[in-house]
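Everything below concerns the one structure shown next.
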Amino acid sequence: FTLWSFTKTIFAFTYYVTGCLLLTFIGFILTKCIPFAKDRMKYIYHVMICKMMWSLLYIMGNVKKRFENKEAAHFEKPCVLIANHASFLDLLRIISLHPKILLLTNKWVWRSPVFGALVRMADYYPVEEGAEFSVDKLSYWVDRGYSIAIFPEGTRSYDDEIKRFHKGAFYLAQQLKLDILPTLFHGVGYTMRKSDFLLKDGEINVKFLPRITPEDSNYGITYSERARKIGRMFREEFKDYSMSREVPAYYREQLIKNYLYKGPVLEWYCRIKSTLED
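If you read the sequence shown in the numbering used here, its first letter stands for residue 16, the second for the next number, and so on.
Structural data, given as C-alpha cells:
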C-alpha cells in the first residue's frame, strides 16, 4: 500500500461511479421515456456503456492492456463467450469488447446500488433465474445479433485457480445453437483481486481461443460433456498462457513492494536489478 496506489484507485473509482450514475440517468431516458424504437434505443444505450467501460480501462495508465488472437473475436456472428473470473475488472473488459454483448450476472451485480439500475436497463440477465428459464428471453436478443457472455465458474477466484465449470453456458449454447468462444483473462487477479480495493500496476491480458461450433464433436455431444471437456481444455490453455506471460518483468512490482520500507539502498538495488532482467 502506497499513497500513489491509493490515489490511482480513488481516481479510477470516482470515474467509474460518475460514469455509472450518468449512464443510469441516460438509460432511464432512452429505455423508459422514449416510447418508440425500443431495440434501437437499447442498442444506443449498449454503445454508450461499451464506450464508457473502454474509456475507464484505458484511463488506467498504470495497467497494461494486451490482446492475443483478436481476429477470433468477431462478434458479427453471435456466440456464447466464456471466460475465467478473478476480478471485478473482468466485467469491464467483457462489456468493452463490443456493444452487442449481453452479460449474465450474479445477484450482487444485479442489485448493486451503484450500477444495478444500469445492469437492469441494459437487459443483462441474472443467472440466479436459471439457464433453462432464460432461453426465450435471450433468444430474442440473439436473433438481433447479440452475443452472451458468461463466467462458467459462477464466482470470482481468489488465487487464479480455475474452478469447475457449471453447465449453464453450455446448455444455452446448445439450445440457441451458438458457437462457444473461450476467452482467457490473465493478470486481472493481481491488478485488482477479489475483496481488494486497491488498483495495482498490473496487466490485463486477453487471449481468444478458436470458436467451438455446435457441430464440433471433439468436446462431446451433450452440454454436460462439453462443460467437462471444455473446462479441462480451458485450464490447460490458461496454464500455458500464464507461463508465457509470467516472465520476471511480470513480478517486478510485487518484488519491489516487498523492499519499500527496508532502506533506500536495498530498495533501489532491487529496482535497478529487476529492470535489467528480461
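Think of the CB as a built atom: it goes at the ideal place given N, C-alpha and C, for glycine as much as any other residue. Given the structure is predicted, the values throughout are model-derived calculations rather than measurements.
In DSSP terms, what residue i is bridged to
{"i": "L199", "result": "K222"}
{"i": "R81", "result": "N220"}
{"i": "L187", "result": "Per DSSP, none; premise fails for L187."}
{"i": "T170", "result": "T170 is not bridged to any residue."}
{"i": "D194", "result": "C94"}
{"i": "I227", "result": "I195"}
{"i": "Y140", "result": "L119"}
Chain-order list of residues whose beta-carbon lies under 7 Å from that of residue i (same chain, five-residue window excluded)
{"i": "I49", "result": "M56"}
{"i": "K122", "result": "P141 and E143"}
{"i": "I59", "result": "L45"}
{"i": "S111", "result": "C65, M68, W69 and L72"}
Alpha helix (DSSP H) segment containing residue i, residue limits
{"i": "I49", "result": "It is not in any alpha helix (DSSP H) - I49 carries neither H nor E in the DSSP assignment."}
{"i": "L153", "result": "V150 to V157"}
{"i": "L96", "result": "Unbroken run through L96 is the beta strand (DSSP E), C94 to A98; no alpha helix (DSSP H)."}
{"i": "I109", "result": "L104 to I110"}
{"i": "T29", "result": "L18 to F43"}
{"i": "L71", "result": "K53 to I74"}
{"i": "I245", "result": "Y238 to R260"}
{"i": "L133", "result": "G131 to M136"}
Assumed close pair residue i, residue j - CB separation to whole angstroms, cut-off 8 Å
{"i": "G217", "j": "G202", "result": "5 Å"}
{"i": "A101", "j": "S149", "result": "The pair is not a contact, with the Cβ atoms about 24 Å apart (cut-off 8 Å)."}
{"i": "T39", "j": "L133", "result": "5 Å"}
{"i": "L153", "j": "L107", "result": "Contact doesn't hold; Cβ gap of about 22 Å is too wide."}
{"i": "V280", "j": "A188", "result": "Between A188 and V280 the Cβ distance is about 57 Å, and since that is not below 8 Å, they are no contact."}
{"i": "Y256", "j": "L199", "result": "5 Å"}
{"i": "F249", "j": "I177", "result": "6 Å"}
Buried or exposed by the 16-neighbour rule on C-beta atoms within 10 Å, applied to residue i
{"i": "F51", "result": "exposed"}
{"i": "R179", "result": "exposed"}
{"i": "W19", "result": "exposed"}
{"i": "Y161", "result": "buried"}
{"i": "N233", "result": "exposed"}
{"i": "P229", "result": "exposed"}
{"i": "D105", "result": "buried"}
{"i": "G204", "result": "buried"}
{"i": "F212", "result": "exposed"}
{"i": "I74", "result": "exposed"}
{"i": "Y186", "result": "buried"}
{"i": "L119", "result": "buried"}
Same chain only: Cβ atoms within 6 Å of residue i, ignoring 5 sequence neighbours per side
{"i": "H181", "result": "P167 and G169"}
{"i": "G183", "result": "A146"}
{"i": "R260", "result": "H201 and N220"}
{"i": "E83", "result": "K222"}
{"i": "D194", "result": "C94, R226 and T228"}
{"i": "R81", "result": "N220"}
{"i": "A88", "result": "F223"}
Residue i, enclosing beta strand (DSSP E) - first and last residue
{"i": "I163", "result": "S162 to I165"}
{"i": "I116", "result": "I116 to T120"}
Contacts around residue i, its chain only, beta-carbon distance under 8 Å, and the 5 residues preceding and following it disregarded
{"i": "G131", "result": "V124 and W125"}
{"i": "Y239", "result": "Reading off the sequence shown, one finds Ser at residue 239, where the question assumed Tyr. Excluding sequence neighbours, S239 sits near K182 and F185."}
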